[in-house]
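Written below as C-alpha cells is the structure these notes are about.
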Amino acid sequence: MHELLSGKPGDKRLLLGNEAIARGAIEGGLAFATAYPGTPSSEVALNFFQIKQETDLYFEYSTNEKVALEVAAGAAVSGLRTMVTMKHVGMNVAADPLMTLAYTGVNGGMVILTADDPSLFSSQNEQDNRYYARLSGLPMLEPTTPQEAKEMTLAAFDLSEKLKVPVLLRTTTRINHSRGVVTLGKIRPRKTQGNFKKDPFSYVTVPAVSRNLHVKLLQVYDQAMALANQSSFNEIIGQGKWGIVTQGVGFCYVQDALDDLKTKESFSVLKLGFSYPFPAETVKKFLSQVDKVLVVEELEPVMEQELRAVAQTMGRTIPIQGKGVDRLSRLFEYDPSQVRSAIARYFGIPVQDRQAVDLSDIPPLPGRPPNLCPGCPHRSTFYAVKKVAGEEAIYPTDIGCYTLGMLPPLSAADFLICMGSSVSTASGFSRALDKHVIAFIGDSTFFHSGITGLVNAVHNNHKFTLIILDNETTAMTGHQPHPGVNMALLGLPNTQISIEAVVRGIGVKHLSVVQPRKVRQTMEAVQKALDFDGVSVIISKEICPLYAKRVAPPAKIRAFMINENRCKNHRDCVNLFACPAFYVEENQVKINENLCIGCAVCSQVCPENAIIPRK
Amino acid sequence: MDIKRIVFVGVGGQGNLLSSRVLGEAALLAGIPVNVSEVHGMAQRGGVVESAVVLGGALSSIVSKGEADVLIGFEPSETLRAMEKCSRETTVITNVTPLIPFTVAVGKGVYPNIKEVLNLIRKKVKRLIALNADALAEKAGSAMAVNIVMLGALAQSNTIPITADQLKEALKENLSQKLWDINLKAFDLGYEAAKK
Numbered sequence: 002m003h004e005l006l007s008g009k010p011g012d013k014r015l016l017l018g019n020e021a022i023a024r025g026a027i028e029g030g031l032a033f034a035t036a037y038p039g040t041p042s043s044e045v046a047l048n049f050f051q052i053k054q055e056t057d058l059y060f061e062y063s064t065n066e067k068v069a070l071e072v073a074a075g076a077a078v079s080g081l082r083t084m085v086t087m088k089h090v091g092m093n094v095a096a097d098p099l100m101t102l103a104y105t106g107v108n109g110g111m112v113i114l115t116a117d118d119p120s121l122f123s124s125q126n127e128q129d130n131r132y133y134a135r136l137s138g139l140p141m142l143e144p145t146t147p148q149e150a151k152e153m154t155l156a157a158f159d160l161s162e163k164l165k166v167p168v169l170l171r172t173t174t175r176i177n178h179s180r181g182v183v184t185l186g187k188i189r190p191r192k193t194q195g196n197f198k199k200d201p202f203s204y205v206t207v208p209a210v211s212r213n214l215h216v217k218l219l220q221v222y223d224q225a226m227a228l229a230n231q232s233s234f235n236e237i238i239g240q241g242k243w244g245i246v247t248q249g250v251g252f253c254y255v256q257d258a259l260d261d262l263k264t265k266e267s268f269s270v271l272k273l274g275f276s277y278p279f280p281a282e283t284v285k286k287f288l289s290q291v292d293k294v295l296v297v298e299e300l301e302p303v304m305e306q307e308l309r310a311v312a313q314t315m316g317r318t319i320p321i322q323g324k325g326v327d328r329l330s331r332l333f334e335y336d337p338s339q340v341r342s343a344i345a346r347y348f349g350i351p352v353q354d355r356q357a358v359d360l361s362d363i364p365p366l367p368g369r370p371p372n373l374c375p376g377c378p379h380r381s382t383f384y385a386v387k388k389v390a391g392e393e394a395i396y397p398t399d400i401g402c403y404t405l406g407m408l409p410p411l412s413a414a415d416f417l418i419c420m421g422s423s424v425s426t427a428s429g430f431s432r433a434l435d436k437h438v439i440a441f442i443g444d445s446t447f448f449h450s451g452i453t454g455l456v457n458a459v460h461n462n463h464k465f466t467l468i469i470l471d472n473e474t475t476a477m478t479g480h481q482p483h484p485g486v487n488m489a490l491l492g493l494p495n496t497q498i499s500i501e502a503v504v505r506g507i508g509v510k511h512l513s514v515v516q517p518r519k520v521r522q523t524m525e526a527v528q529k530a531l532d533f534d535g536v537s538v539i540i541s542k543e544i545c546p547l548y549a550k551r552v553a554p555p556a557k558i559r560a561f562m563i564n565e566n567r568c569k570n571h572r573d574c575v576n577l578f579a580c581p582a583f584y585v586e587e588n589q590v591k592i593n594e595n596l597c598i599g600c601a602v603c604s605q606v607c608p609e610n611a612i613i614p615r616k
Numbered sequence: 010m011d012i013k014r015i016v017f018v019g020v021g022g023q024g025n026l027l028s029s030r031v032l033g034e035a036a037l038l039a040g041i042p043v044n045v046s047e048v049h050g051m052a053q054r055g056g057v058v059e060s061a062v063v064l065g066g067a068l069s070s071i072v073s074k075g076e077a078d079v080l081i082g083f084e085p086s087e088t089l090r091a092m093e094k095c096s097r098e099t100t101v102i103t104n105v106t107p108l109i110p111f112t113v114a115v116g117k118g119v120y121p122n123i124k125e126v127l128n129l130i131r132k133k134v135k136r137l138i139a140l141n142a143d144a145l146a147e148k149a150g151s152a153m154a155v156n157i158v159m160l161g162a163l164a165q166s167n168t169i170p171i172t173a174d175q176l177k178e179a180l181k182e183n184l185s186q187k188l189w190d191i192n193l194k195a196f197d198l199g200y201e202a203a204k205k
C-alpha cells in the first residue's frame with residue numbers, strides 16, 4: 002500500500018511538506034487532481050500519480066498549468082473535490098483560467114497549490130504569488146510547517162466548498178522541502194461521480210453574466226473576510242507591547258528567535274495562516290495592543306503595506322516596518338539568525354550570535370556547478386550544433402536539464418525567460434538579427450508551451466532552426482510522463498503522441514530526426530537545417546540515461562577508456578565535450594569507469610581515436 | 010531540551026538526503042522533536058547538496074552561518090566550503106576522499122591539498138573526525154554506502170542525543186531488506202573509524 006494511504010489516525014510520520022500536503026488532500030476526500038511538475042511542488046503530484054495506481058483517485062499530468070486548471074475546473078464545477086499543483090511561475094500560465102474561474106466559482110472543493118521559490122533554488126525568478134490572491138480575489142492559506150500544511154490542505158477543501166470558489170494554498174521551498182513530524186488523521190471517503198446542473202447564466206462568462214459574477218465575487222470576499230477574522234489559522238500569540246507580524250516559514254524563525262532572545266513576554270506575535278482576505282478585525286485587535294510592529298515576510302512587503310492601510314483606518318500611527326530593518330530585504334529567503342538579528346536591532350535587545358569561524362585563510366575552492374550527467378544526450382547535441390554553428394549563432398533556450406548547456410565549454414544558451422520562450426523568442430531574434438538562430442527546447446516543454454510558438458513561426462514564415470531535445474521524459478523535475486512519453490515503459494496503457502507527427506502537422510517543411518550519439522550524422526542534419534530558408538526542426542531523440550536505468554535498463558554497460566599510447570593530449574574530450582566522467586591525473590586524461598555509461602560519443606570527438614571501449 | 014543543529018553536505022548522488030532522513034526518522038523513534046530541510050531539483054545534477062536536521066524543539070529547519078553543532082561532509086572540499094556554518098563549538102566529521110569537480114578537470118580551479126584542508130578545519134573547530142568513508146563503504150560491499158558510513162561516525166561522535174541502535178532501526182525502516190547487511194556493516198565501520 003502507498004505510504005500515504007497507510008497509517009491510523011494519530012500515527013506520527015516524518016513527512017516532507019509536499020507529502021503532508023498530499024496526505025492532507027487524501028484525508029480531505031480528494032477525488033480529482035491535475036498538475037504540471039515544477040520544483041518545489043513536484044512531489045505532491047508524484048504522490049498522487051502513485052496513489053492513482055491503487056485507488057479510484059483520478060490524477061493526470063496535464064500538458065501545462067493552464068490546461069491542468071481547466072481540466073480540474075470542469076470536475077470541480079461538477080462537484081468533485083479537486084486539487085491542482087504547480088510552482089509559482091506555473092501560476093502565470095494558469096492565470097488566465099484562474100481569474101475567471103474565480104467568477105464562476107466551483108461546487109466541489111478546489112485547492113490550488115502555488116509553490117513559491119524564494120532564493121531561486123530551481124526557478125527563473127522569485128515572484129511573490131501572494132499577489133495572485135489579491136489579483137483574483139480568492140482566499141489564500143499559508144502553512145508554517147508540514148503538520149500545518151496537512152491541516153490547511155484539508156481545511157482548504159471545506160473552505161472552498163463553503164465559499165464556492167477555489168482556495169489558494171501558498172507554500173515556499175522551505176515548506177515543500179522540509180520534513181517534520183505529522184500526525185495522521187482520518188481519510189474521508191472520496192466522491193468520484195459528479196453532477197452538473199446546467200446554468201449558463203452563471204457559468205458562461207459573456208459580459209452580461211460576468212458583470213453579475215463580479216458582484217458575487219466581491220460578496221464572496223466579504224464572507225471570506227469574516228471567516229479569516231474568525232480563523233484559528235490566524236492567531237495572536239502573547240500580550241506584549243512589541244508586535245511582530247509574520248506568516249509561512251518566517252513564523253518558525255520568529256518563534257526560535259524569541260526563544261533565543263529570552264524576551265517572549267515582551268512580544269505579541271500575529272501569525273497569519275489564512276492570510277487573504279487580510280483579516281482586518283484580527284489585525285485591528287493586534288494593532289491596538291502593541292506600540293511598535295516588525296513585519297517578517299520573505300519577498301514583497303505585502304503584509305507590511307496592508308498593515309499600514311488597516312492602521313490608517315483606525316487612526317493608529319505606531320511604527321510599522323519590515324523591509325529595510327537590519328538585513329530584512331525583498332531579496333531571497335530569510336534564515337533564523339537574520340530574523341533574530343532584525344528583531345534584536347528593531348526592538349533594541351542585546352543579542353549574542355555564535356561567531357562563525359574565520360574563513361579568510363581558506364584557499365579558493367573549485368566551483369561545483371550542476372552539470373549534465375555522463376552520457377547525457379543533450380551534451381552530444383550541443384557539441385554537434387556548436388561544431389557546425391559556432392559562437393556566432395544565437396541560441397535561445399528553454400527550461401529543463403538542457404538549460405545547463407549554458408555552462409562552458411558547451412555555452413549553448415543565450416536567452417531564456419519562461420517555458421516555451423525558446424521558439425517564440427527565436428522568431429524575434431531571427432527577424433532582428435542577421436545571424437543563424439538555433440533554439441533548444443525539451444520534449445516536455447515543447448508540449449507545455451512550445452507548440453503554439455511553432456505554429457506561429459510557420460504561419461509568419463520565420464527563419465530559424467528549432468532543436469527538440471527529446472529524452473522521452475520530463476527529466477529535470479524527476480522523470481514525470483508527458484504526452485510524448487511511451488507510457489508502456491511505465492506499465493500503463495500507451496497514449497503517446499508523436500512529436501514528429503505534431504511538427505509535420507503544423508506544416509514544418511524541413512524536419513529531420515537524429516540520434517545525437519551519432520555525431521557526424523547530427524552535424525550534417527544541423528548544417529542542412531541551417532541552409533533551409535524557413536522554419537527547420539531537428540528532433541534529437543535519445544532516452545535520458547537516468548530514466549532508462551529505471552524503466553529500460555541497458556543489458557550491459559561497457560565503459561570506455563583512453564588508449565594512452567594513442568592519446569596526444571589534444572584534450573578535445575575535456576575542453577570541448579566536457580563529459581564529467583573525464584578527469585586529469587598526472588597530465589593524462591582518464592575516464593572514471595564508474596561514471597562512464599559507454600555512450601561512445603567521446604570516441605567520435607577524439608581526433609586520435611584514442612578513446613576505446615574497455616575489454 | 011538542547012537544540013542540536015546538524016548540517017550534511019555532499020555532492021549530488023552521494024546519498025545526502027537519505028542520511029538526513031534516517032537521522033530524522035531515528036529522532037522520531039527516540040521521541041525527540043525534529044525538523045529536516047532538503048534540497049531537491051536543479052541543485053541535484055552533480056552540484057552541491059546540503060541538508061540539515063534540527064533536533065530538540067526549534068521550529069526552523071535550516072541552519073544559519075555559525076550555528077551548526079555538527080557538520081558532516083561527504084567530500085573534503087565541500088566540507089571546507091560549508092565551514093561558514095561552523096563556530097568554535099562545532100564538531101566536524103568529514104570524508105577524506107575527494108570527488109574532483111569537473112571544473113578542476115577542465116583547468117578552471119585547483120583542488121586543495123587534503124592534508125592542508127584537514128589542518129585548516131582542525132584548528133578552527135572544537136573537534137575534527139576525518140575518515141576514509143569511500144574505502145570503508147567499499148569494504149562494506151558497496152561504494153554507494155558512503156552516506157551510511159558517515160552516519161555511523163556521527164553515532165560514535167557523541168554529539169547527538171540519539172543512539173547507534175536507534176539510527177540502525179531507522180536505517181532498516183528506510184531500506185529494502187536486501188540492502189540491510191551492506192549498510193549495517195557500513196554503519197559499524199564508520200562507527201569504529203570515528204573512535205580513532
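Line by line, the protein sequences give chains A and B.
When you line the first sequence up against this note's numbering, it's residues 2 to 616, in that order.
When you line the second sequence up against this note's numbering, it's residues 10 to 205, in that order.
Glycine included, C-beta positions come from ideal geometry on N, C-alpha and C.
> Are Leu300(A) and Arg331(A) closer than 9 Å when you measure CB to CB?
Replying inline: With a cutoff of 9 Å on beta-carbon distance, Leu300(A) and Arg331(A) are scored as near each other.
>> Using a 10 Å radius around the Cβ and a threshold of 16 neighbouring Cβ atoms, would you call Trp189(B) buried or exposed?
In response: The residue is exposed, with fewer than 16 neighbouring Cβ atoms inside 10 Å.
> Does any CB atom of chain A fall closer than 9 Å to the CB of Thr172(B)?
Replying inline: With 9 Å as the cut-off, Thr172(B) does not count as an interface residue toward chain A.
> In terms of DSSP beta bridges, what is Ala164(B) paired with?
Replying inline: Residue pairing from DSSP leaves Ala164(B) without any beta-bridge partner.
> In chain B, which residues lie less than 9 Å from Cys597(A) when you measure between Cβ atoms?
Replying inline: Within chain B, no residue comes near Cys597(A); the closest Cβ sits about 14 Å away, beyond 9 Å.
>> Does the CB of Glu44(A) have a neighbour CB from chain B at under 9 Å?
In response: Yes, contact with chain B.
> At which residues does the beta strand (DSSP E) containing Val297(A) begin and terminate?
Replying inline: Its beta strand (DSSP E) spans residues Lys293 to Val297.
> From Val68(A) to Ala116(A), what does the alpha carbon distance come to, in whole angstroms?
Replying inline: Rounded to the nearest whole angstrom, the CA to CA distance from Val68(A) to Ala116(A) is 18 Å.
>> Output needed for Lys192(A): all residues of its chain with C-beta closer than 8 Å, excluding positions within five of it in sequence on either side, in chain order.
In response: Same-chain partners within the cutoff: Gly30, Ala32, Gly80, Leu81, Arg82 and Gly109.
> Which bits of chain B does Phe583(A) rub up against, with CB to CB less than 7 Å?
Replying inline: What Phe583(A) touches in chain B: Ala114.
> Would you say the region 218 to 225 of chain A touches the region 259 to 274 of chain A, given that touching needs at least three Cβ pairs under 8 Å?
Replying inline: Result no; under three Cβ-Cβ pairs closer than 8 Å.
> What does DSSP give as the partner residues of Phe465(A) in its beta bridges?
Replying inline: Answer by DSSP bridge pairing, in chain order: Val536(A).
> Per DSSP, what kind of secondary structure is Val57(B) in: helix, strand or coil?
Replying inline: Here Val57(B) sits in strand by DSSP.
>> Does the contact criterion of 3 or more C-beta pairs under 8 Å hold for the region 16 to 32 of chain B versus the region 53 to 62 of chain B?
In response: The count of Cβ pairs closer than 8 Å, one atom from the region 16 to 32 of chain B and one from the region 53 to 62 of chain B, reaches three, so the stretches are in contact.
> If you draw a straight line from the alpha carbon of Ser43(A) to that of Val90(A), how long is it in whole angstroms?
Replying inline: Taking the straight line joining both Cα atoms gives about 13 Å.
>> Taking the straight line between their C-alpha atoms, what separation do you get for Pro110(B) and Ala560(A)?
In response: In a straight line, the C-alpha of Pro110(B) is about 20 Å away from that of Ala560(A).
>> Check whether chain A comes within 9 Å of Val16(B), counting only Cβ atoms and requiring the distance to be less than that.
In response: It does not; no Cβ of chain A falls within 9 Å.
>> So that I know if they touch, is there some Cβ in chain A lying closer than 9 Å to that of Ala152(B)?
In response: A Cβ of chain A is located within less than 9 Å of the beta carbon of Ala152(B).
> Is Lys13(B) helix, strand or coil by DSSP?
Replying inline: Of the three classes helix, strand and coil, the one that applies to Lys13(B) here is strand, per DSSP.
>> I'd like to know whether the C-beta of Ser123(A) is nearer than 9 Å to at least one C-beta of chain B.
In response: By this cut-off, Ser123(A) is an interface position.
> Are the C-beta of Pro614(A) and some C-beta of chain B separated by less than 9 Å?
Replying inline: Chain B, which has no Cβ nearer than 9 Å to the Cβ of Pro614(A), makes this no.
> Looking at the unbroken alpha helix (DSSP H) that takes in Glu20(A), where does it start and where does it end?
Replying inline: Element bounds for Glu20(A): Gly18 to Glu28.
>> Give me the DSSP bridge partner(s) of Gln148(A).
In response: As far as DSSP is concerned, Gln148(A) takes part in no beta bridge.
> So, helix, strand or coil for Met2(A), using DSSP?
Replying inline: Correct three-state label for Met2(A): coil.
>> Is it buried or exposed, Val520(A), if we count other Cβ atoms within 10 angstroms and call 16 or more buried?
In response: Result: buried.
> How many angstroms separate the CA atom of Val424(A) from the CA atom of Ile363(A)?
Replying inline: C-alpha separation (whole angstroms): 45 Å.
>> So for Val45(B), helix, strand or coil by DSSP?
In response: Look at Val45(B) here: in three-state DSSP terms it is strand.
> Three-state secondary structure (DSSP) at Arg328(A)?
Replying inline: In the structure shown, Arg328(A) sits in coil (DSSP, three-state: anything other than H, G, I, E or B).
> What residue range is occupied by the uninterrupted beta strand (DSSP E) comprising Ser513(A)?
Replying inline: First-last of the beta strand (DSSP E) with Ser513(A): His511 to Val515.
> With C-beta atoms as the reference, is Met84(A) less than 9 Å away from Ala95(A)?
Replying inline: Cβ atoms of Met84(A) and Ala95(A): not closer than 9 Å.
> Looking only at C-alpha atoms, which of Tyr384(A), His571(A) and Ala476(A) sits nearest to Glu1(A)?
Replying inline: Past the boundaries of the shown model lies residue 1(A); chain A is included only from 2 to 616, so the question cannot be answered.
> With distances taken from CA atoms, which of Thr64(A), Val504(A) and Phe202(A) is nearest Thr35(A)?
Replying inline: Proximity to Thr35(A) across Thr64(A), Val504(A) and Phe202(A) peaks at Thr64(A), based on C-alpha coordinates.
>> For a minimum of 3 consecutive residues, which ranges assigned as the beta strand (DSSP E) are wholly contained in the region 266 to 325 of chain A?
In response: Listed in chain order, they are 268 to 273, 275 to 277 and 293 to 297.
> What number of angstroms, rounded off, separates the C-alpha of Gly8(A) from the C-alpha of Leu193(B)?
Replying inline: Their Cα atoms are separated by approximately 27 Å.
> Can you find a C-beta in chain B that's less than 9 Å from the C-beta of Asn576(A)?
Replying inline: Contact with chain B is found for Asn576(A), since one of that chain's Cβ atoms lies less than 9 Å from the residue's Cβ.
> From Met488(A) to Ala139(B), what distance separates their C-alpha atoms?
Replying inline: Going from the Cα of Met488(A) to the Cα of Ala139(B) covers about 47 Å.
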